[in-house]
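Presented below is the structure to which this report refers.
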Amino acid sequence: MKILNTALGIAAYCMLSMTNLSATSMTDDEITKADYKKLIKMLTPLAGSTPAQWRVVWSGDTTTTATVSWSTAVSGKKHTLHYGTKPFGTDVAKYENHLECKKSGAYSINAKEAETTKTAFYHHVPMTGLMPNTKYYFVMESDGEFSRQLYFKTCPKAENFKLLVGGDSRSGLASRCRMNLRLAKELKEKPEIVALNHGGDYIGSGHSWRQWRQWLSHHELTTLEDGRVLPIIPTRGNHDGGPIFFEVFNLDKMTDKHSFWHTISLGEDVQIITLDTNYSAKGPQEKWLTKQLSTIRPKTTWLLTNYHRPLYPAVKSPAGQTAVFVPLFEKYNVDLALESDGHCIKRTVPIRDGKKDASGVVYIGEGGLGVGQYRPKEDLWYLKNGGYVSRGHHVMQLSFSKDALNIETILMNGKVTDTHTLKPRAK
Amino acid sequence: MHIKHLESLKFGLAIVIALVFTATFTMNYFHEGTSLSKYITKQLELDRVKEVEAVAYTDMMLYADELTPVSEDVDLTEKAGSEEGFQRSQQIRFVDKNVTLVLMIVAWLMLIPALQRKRALSFIYLLMGMYLALLSVCKGLNGGSAFSEWAVPAHATRWLPCIALWLWLYLKPSSAENPYRVVKWMLIVSVSMTFATHGMEAIQLNPAFRDLLIGGFETISVTVFGPVSEVLLRLIGVMDVALALLIIFFQRKLWFLWMAAWGALTALSRPIAFGDILWEDALLRSGNCLIPVIIILWIYRKNTQTTKV
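Residue numbers (the numbering used here), protein chains in the order written: chain G, 72 to 498; chain D, 125 to 433.
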């Protein structure tokens, strides 16, 4: 086993350089037909203390904070993040900052899987005091094993930027990987993209480490050849129950029932309130949401809400939280609600008081980051006469400026299938 | 017990079953497919994209795990195109809708006394019971909602009464295997299973129950704060579990009366707390109220009637 681990470690090192051949040099057509086995060979194996499964997680103020996380196959003794605003490759001593990891642990593994599978170990390094709209180069080190140099960009404070929005990557491994290539290609072609807001249902069973580790490895395909990492804004889906979600994204368990909600600030003009549709709408979540909306709405140009189960669904029945969330969204004039779960493409007309109203809230999404697609109900009133409904693997791109919020739905082959523009509300 | 009275109870049981199938059809037709069709669709989709082989290949290549034997040369080309997979899922959905439609119609037709008297047709109720039980099993397998793995016992008032009615219609009253006692016990066990499971969910603070509790109180202008709702929910859970156990050992009218009232309140709490969009949800849970009512009438008549069958 030891020999095998060493071999995999060497393979990992070789693969890192092979990653330079990756994804984003593919054509749109090649992305839709990408061979799963070839893609897997491009990924970093989880072996020994080689840093793998890296991700940059955003929660809170994304102009000044971020968390770099990675996994190793063994627990290791010392895990350090070397980072700074200048690139020094793997000459880690030259970086301006060296943060030792204070939050490491074993990913939870259920008893059945533990009989045949080993768990791995997470390492989280939260960074604060970052500068807005700045490239941060970093190298992860675990017990003397180094990652290649990677980087991410903090969110700009006031300038225009783009955000990718998608959800539902829980099955269809090849399609998930191809959609990751699509995300990478979008990031490469549009450097103003800052992050991916993943609307949840990363995997089929939130209690399965075997499934999570595959998702984590596949996520590497969103990293560009030059090392740029696409930060991720996490949302909890109905299939993401259990503790691993919190271990993957370094999120604190807000209550004893593992609920999760938080507000993301993307510069001065954009705020996203992330809710948990696995948790009771009434009670603490309603109270928290009301406070957030009443505080944020007067200050921000674009106010978005983000959660997994749709309130105005195109496929399934409305989430149990509908009667609580919708009146609050309308009262505080939310601009856009991001939804997943239905496995289709959807954009509703603006809705207020249960009918089409230009001053209402637009609901978009339903998820297509790999999962098989369902047939949406095309005859629903909120999807006709100005709304849009379809199916296909997709990601949505939100382009924010002070004057407009442009929404584009991009299919796996790169084609834009729907566009829509929102104007800011009068203050 | 008077035969005429038993006939009316039998008729009542058949109505409960018809109501459950009406709700099943309505939810399926107007909202989303049954858990069975979702399960079949998902399995076929995973098979189409060779998910098992892809997982095994990844396990081998990235984690040095060979949990499922797979060759490095394994062909992971999808068995069929995504459009073909989609069309197949649509066919399943079509069958799914029509199966629930037919079952609903049959459930209402079976209220005709002449049909109930035909022993051969009693098997329809057996099939209906097995179908509803299968839906619960699939709900558990699909996952994705809190406590879905407990769906089989939680839904006992839906599927077990169907099997009870089958026995009732199939076995001859004059035969040695007098069905009444067995049928009555099946109904009691179904109520007990449903209440015990819901009680355990309440004790563990099922998020949906908390919403119903707070929402229900809000309709009478009473605000229940977070910690209070937790205490109330746990107390309700303990009450449900206690009643579920009590009715197994001591069948008292009062307890069933309480369960009937509670079953009605919790079923109706869905539309009460969240509006009329959830009336099918209430209908689906009609057995939680009406099965205890049938048991009460059974016990009541047994205690007051001198005529024995």
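A virtual CB, placed ideally from N, CA and C, is assigned to each residue, including glycine.
For the region 284 to 315 of chain G, the beta-carbon criterion of a distance under 9 Å to any beta-carbon of chain D is satisfied by ARG284, GLN285, SER288, HIS289, GLY308, ASN309, HIS310 and GLY312.
Here DSSP, grouped into helix, strand and coil, assigns LYS174(G) to strand. Straight across, the Cα-Cα distance linking VAL144(D) with PHE333(D) is about 21 Å. Boundaries of the alpha helix (DSSP H) harbouring LYS358(G): 355 to 367, taken from the DSSP string. For LEU117(G), a Cβ of chain D is located within less than 7 Å of the residue's own Cβ. Chain D has no Cβ within less than 7 Å of the Cβ of LYS402(G). The secondary-structure analysis by DSSP pairs GLU479(G) across a beta bridge with GLN468(G) and THR490(G). Closer than 7 Å at the C-beta level to chain G, one finds these residues of the region 321 to 342 of chain D: LEU329, PRO331, ALA332, ARG334, ASP335, ILE338 and GLY339.
Beta-bridge pairing by DSSP links ASP132(G) to SER336(G). In chain order, CYS262, LEU265 and ASN266 place their CB closer than 7 Å to the CB of TYR163(D), counting only its own chain and leaving out the 5 sequence neighbours on each side. The C-alpha of LEU170(G) is placed about 7 Å away from the C-alpha of VAL196(G).
Closest in alpha carbon position to LYS296(D), among HIS279(D), ARG241(D), PRO277(D) and TYR249(D), is ARG241(D). At a cut-off of 7 Å between C-beta atoms, LEU200(D) counts as an interface residue with respect to chain G.
Here ILE111(G) is not near MET184(D), since their CB atoms are 7 Å or more apart. Among the bridge pairs identified by DSSP, GLU177(D) is matched with none. With contacts defined as CB atoms closer than 7 Å, ILE102(G) and ARG253(G) qualify as a contacting pair.
Collapsing the DSSP output to three states places HIS290(G) in a helix.
DSSP lists ILE435(G) and TYR459(G) as the beta-bridge partner residues of ARG418(G). Here the alpha carbons of SER272(D) and GLY131(G) stand approximately 33 Å from one another. For THR225(G), there are no C-beta contacts with chain D under 7 Å, since the nearest C-beta of that chain is about 30 Å from it. Excluding sequence positions up to five before and after LEU469(G), its CB lies within less than 7 Å of the CB of LYS233, LEU234, VAL236, LEU476 and ILE478, all in the same chain and listed in chain order. Nearest C-alpha to ALA137(G) among ILE304(G), TYR193(G), LEU493(G) and THR371(G): ILE304(G). In this structure ASP428(G) is exposed. Its beta-carbon is surrounded by fewer than 16 other beta-carbon atoms within 10 angstroms.
Around the beta carbon of ARG496(G), fewer than 16 other beta carbons sit within 10 angstroms, so the residue counts as exposed.
Boundaries of the alpha helix (DSSP H) harbouring THR318(D): 303 to 327, taken from the DSSP string.
Sequence-distant partners of LEU289(D) (beyond 5 residues in either direction) whose C-beta falls short of 6 Å from its own C-beta, in its chain, are LEU137 and TYR249. Judged by DSSP in its simplified three-state form, GLY270(G) adopts coil rather than helix or strand.
Under a criterion of Cβ atoms nearer than 8 Å, the residues of chain D adjacent to LEU244(G) are, in order, VAL173, GLU175, ALA178, VAL179 and THR182.
When beta bridges are read from the DSSP output, GLN342(G) appears opposite SER336(G) and LEU374(G). Close to chain D, meaning a Cβ-Cβ distance shorter than 9 Å, are the following residues of the region 246 to 269 of chain G: SER246.
The region 228 to 245 of chain D makes contact with the region 138 to 158 of chain D: 3 or more CB pairs, one atom from each, lie closer than 8 Å. Look at TYR107(G) here: in three-state DSSP terms it is helix. When the Cα atoms are used, GLN124(G) and THR143(G) turn out to be separated by approximately 8 Å. Distance from the CA of ARG380(G) to the CA of ASP239(G), rounded to the nearest whole angstrom, comes to 11 Å. The Cβ of HIS155(D) sits closer than 7 Å to at least one Cβ of chain G.
Per DSSP, reduced to three states, the secondary structure at LEU152(G) is strand.
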